[in-house]
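One structure is given below, encoded as structure tokens.
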Amino acid sequence: MAMAALRREGRRFAPMISPNPINSLRSSLAPSEEQAFIGVRSISTQIVRNRMKSVKNIQKITKAMKMVAASKLRAIQVRAENSRGLWQPFTALLGDTPSVDVKKNVIVTISSDKGLCGGINSTSVKTSRALFKLNSGPDKENRYVVLGEKAKAQLIRDSRKDIEITLTELQKNPLNYTQVSVLADEILKNVEYDALRIVFNKFGSVVSFMPTTATILSPEIVEKEAEAGGKIGDLDSYEIEGGETKSEILQNLTEFQFSCVMFNAVLENACSEQGARMSAMDSSSRNAGDMLDRLTLTYNRTRQASITTELIEIISGASALEG
Amino acid sequence: MASNAAVPFWRAAGMTYITYSNICANTVRNCLKEPYISEAVAREKVHFSVAKWVDGKPQKPIVRSDDPEE
């Protein structure tokens, strides 16, 4: 209050101090010069005040986003952890063979539609690119299937020729198996593959996620691998019920395996997304708090300085008159 | 066995195992009583949009959705 009153005083004094008679002559020539003279007596804190207000608003927003992410995370984490039971039997039966060397690779990159969630989208894109390079060769064919806007935006830049399908708007409704299976069906119908490599972020904890790949082989490749021995070689020791042949069973199995693994992958990735968003928003609200502290300090110091200057001016003016 | 005869039929109709199992799951879901049925139907909603790419250019995206169009 006192400061505002002083400032008003100062403004009233200003025309008296400035060489007015000369200025009135020159005012038509240089009006801006006069205005600059008035403001120069006290430093304007307006800009800092506006900055503080905007930082405070940003902090409010990031805090709210963190809360939202935390509550979403809790709901989705249970589902993601439960869905791990879906692929574990498949891995026990068919094994996971990320090193398999086949001609047609389809890399399924899973990312989120929304940003502001740290590095999870770039990690899955980086992993996909690495897989692409690893599996490329003279007679090999690699294609991308991209889930989510963010990975699409990143892959468009350098690999737009290799994108086969993009799928977006997954998370409009809460994720469920029916949706993911329809989506998996859509992918299976539209690509030819020997191996599907799904890239996603496996949820570890709120602050940790692991870029992971899951490999799904086509039925023919599974049979070939089974003949070659190894872990899949045990497949022959299973008895097949009913009148179906082994290849029929294998085809059904791979399709079902793909949709189950996709379901888990999409859930894990959504879970990591919320976790990453939570920690990103937490650190950005902390940063906003730090910034606000620094700004407040600067603001108060400037204000104090201008008050002191004004007081000195008044007192010394008064003492000059008395003396 | 009924399943013996059924398998070639849905495969011949151009379905994958996923489509087949989804239809089966839906049939089972429809056997539920209220209030469980509306709960189950509301839970299993499909919504996503697909865009195929030809020569590095996206084609028009197709939206697959159970929701009524806005």
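Those protein sequence lines, which keep their order, are chains A and B.
Residue numbers for the first sequence follow my numbering, so the first one is 80 and each next one is one higher.
Residue numbers for the second sequence follow my numbering, so the first one is 5 and each next one is one higher.
Note that beta-carbon positions come from the ideal geometry of N, C-alpha and C, so glycine has one too.
From this set, the options, which residue's C-alpha is nearest residue i's C-alpha?
i, options, result
"Asp180(A)", "Tyr223(A), Ser191(A) and Arg276(A)", "Arg276(A)"
"Val67(B)", "Arg47(B), Ser53(B) and Ala46(B)", "Ser53(B)"
"Ala159(A)", "Thr388(A), Ile393(A) and Leu254(A)", "Leu254(A)"
"Lys145(A)", "Met370(A), Leu173(A), Arg222(A) and Ser362(A)", "Ser362(A)"
"Arg239(A)", "Val224(A), Ser338(A) and Lys281(A)", "Val224(A)"
"Gly174(A)", "Ala305(A), Val278(A) and Ser123(A)", "Ala305(A)"
"Pro23(B)", "Val127(A), Phe335(A), Ile137(A) and Lys139(A)", "It should be noted that the sequence gives Thr, not Pro, for residue 23(B). Among Val127(A), Phe335(A), Ile137(A) and Lys139(A), the Cα nearest to that of Thr23(B) is on Phe335(A)."
"Gln125(A)", "Thr381(A), Glu392(A) and Asp237(A)", "Thr381(A)"
"Asn129(A)", "Leu390(A), Tyr378(A), Lys142(A) and Gly402(A)", "Tyr378(A)"
Any idea what DSSP makes of residue i, helix, strand or coil?
i, result
"Val181(A)", "coil"
"Lys240(A)", "helix"
"Thr324(A)", "coil"
"Pro65(B)", "coil"
"Asn221(A)", "strand"
"Ser190(A)", "coil"
"Leu246(A)", "strand"
"Leu254(A)", "coil"
"Leu329(A)", "helix"
"Leu226(A)", "strand"
"Asp361(A)", "helix"
"Val285(A)", "coil"
"Ser215(A)", "coil"
"Asp62(A)", "Since the displayed chain A opens at 80 and closes at 402, residue 62(A) lies outside it and no answer follows."
"Leu172(A)", "helix"
Determine the direct distance from the alpha carbon of residue j to that of residue i, and round the result to whole angstroms.
i, j, result
"Ala359(A)", "Leu234(A)", "23 Å"
"Arg365(A)", "Asp241(A)", "41 Å"
"Ala148(A)", "Ser351(A)", "11 Å"
"Ile328(A)", "Gly198(A)", "40 Å"
"Gln258(A)", "Ile189(A)", "15 Å"
"Gly354(A)", "Ser287(A)", "8 Å"
"Trp14(B)", "Asn26(B)", "12 Å"
"Ser111(A)", "Met131(A)", "Unreliable placement is indicated for Ser111(A), whose pLDDT of 43 sits below 50; no coordinate value is reported for it."
"Thr170(A)", "Asn30(B)", "27 Å"
"Met451(A)", "Ala263(A)", "In the structure as shown, chain A begins at 80 and stops at 402. Residue 451(A) is therefore absent and cannot be evaluated."
"Val270(A)", "Leu374(A)", "56 Å"
"Leu172(A)", "Leu314(A)", "8 Å"
"Arg105(A)", "Gln383(A)", "Because the pLDDT at Arg105(A) is just 41, under 50, the model does not fix this residue reliably, and the value given afterwards should be weighed accordingly. When rounded, the distance between both Cα atoms is 35 Å."
"Glu38(B)", "Asn252(A)", "22 Å"
"Pro290(A)", "Asn348(A)", "9 Å"
"Met370(A)", "Lys212(A)", "43 Å"
"Gly89(A)", "Val134(A)", "No answer about Gly89(A) holds up, because its pLDDT of 44 lies below 50 and its placement is not dependable."
"Ile394(A)", "Ser385(A)", "14 Å"
"Ser398(A)", "Asp372(A)", "39 Å"
"Ala367(A)", "Asn200(A)", "24 Å"
"Cys35(B)", "Ser42(B)", "11 Å"
"Ala154(A)", "Thr206(A)", "27 Å"
"Lys303(A)", "Tyr272(A)", "15 Å"
"Asp218(A)", "Ser150(A)", "48 Å"
"Tyr256(A)", "Val58(B)", "29 Å"
"Cys339(A)", "Tyr21(B)", "12 Å"
"Gly216(A)", "Gln250(A)", "36 Å"
"Ser243(A)", "Val127(A)", "First, the amino acid is wrong: residue 243(A) is Glu here, not Ser. If I take the Cα positions, the gap works out to 51 Å."
"Ala46(B)", "Lys142(A)", "31 Å"
"Gly60(B)", "Asn221(A)", "14 Å"
What does DSSP give as the partner residues of residue i in its beta bridges?
i, result
"Ala274(A)", "Asn184(A) and Leu296(A)"
"Pro290(A)", "Asn280(A)"
"Trp57(B)", "Pro62(B)"
"Phe52(B)", "Arg68(B)"
"Leu314(A)", "DSSP, once it has assigned bridges, lists no residue as partnering Leu314(A)."
Short of 7 Å in beta carbon distance, which residues of its chain neighbour residue i, apart from the five on each side in sequence? Order them along the chain.
i, result
"Glu228(A)", "Asp192 and Thr247"
"Pro177(A)", "Thr292 and Thr294"
"Arg208(A)", "none"
"Asn343(A)", "Ser162, Arg163, Leu165 and Trp166"
"Lys325(A)", "Ile319"
"Gly18(B)", "none"
"Cys196(A)", "Glu352, Ala355, Arg356 and Ala359"
"Gly194(A)", "Lys229"
Got a sec? Which residues, its chain only, sit under 8 Å from residue i by beta carbon, not counting five neighbours each side?
i, result
"Ala274(A)", "Val179, Val181, Lys183, Asn184, Val185, Thr294, Ile295, Leu296, Ser297 and Ile300"
"Lys56(B)", "Pro62 and Gln63"
"His51(B)", "Val67, Arg68, Ser69, Asp70 and Asp71"
"Leu152(A)", "Val285, Cys350, Gln353, Gly354 and Met357"
"Leu108(A)", "Low confidence applies to Leu108(A): its pLDDT is 43, below 50, so where it sits in the model is not reliable, and the reading given next is rough at best. Excluding positions up to five away in sequence, the list is empty."
"Ser203(A)", "Thr188, Ile189, Ser190, Ala230, Val278, Phe279, Asn280, Pro290 and Asn348"
Enumerate in chain order the residues of its own chain whose CB-to-CB distance from residue i is below 6 Å, with the five nearest sequence positions on each side excluded.
i, result
"Arg33(B)", "Ala44"
"Lys268(A)", "none"
"Gln330(A)", "Pro298"
"Lys231(A)", "Val225 and Thr245"
"Ile266(A)", "Val224"
"Pro98(A)", "Note that Pro98(A) scores 42 on pLDDT, short of 50, meaning its location in the model is unreliable; the coordinates nonetheless yield the value given after this. The answer is none, since no qualifying residue turns up."
"Ala210(A)", "Looking at the sequence itself, residue 210(A) is Leu, so the reference to Ala does not match. Same-chain partners within the cutoff: Ile186 and Arg276."
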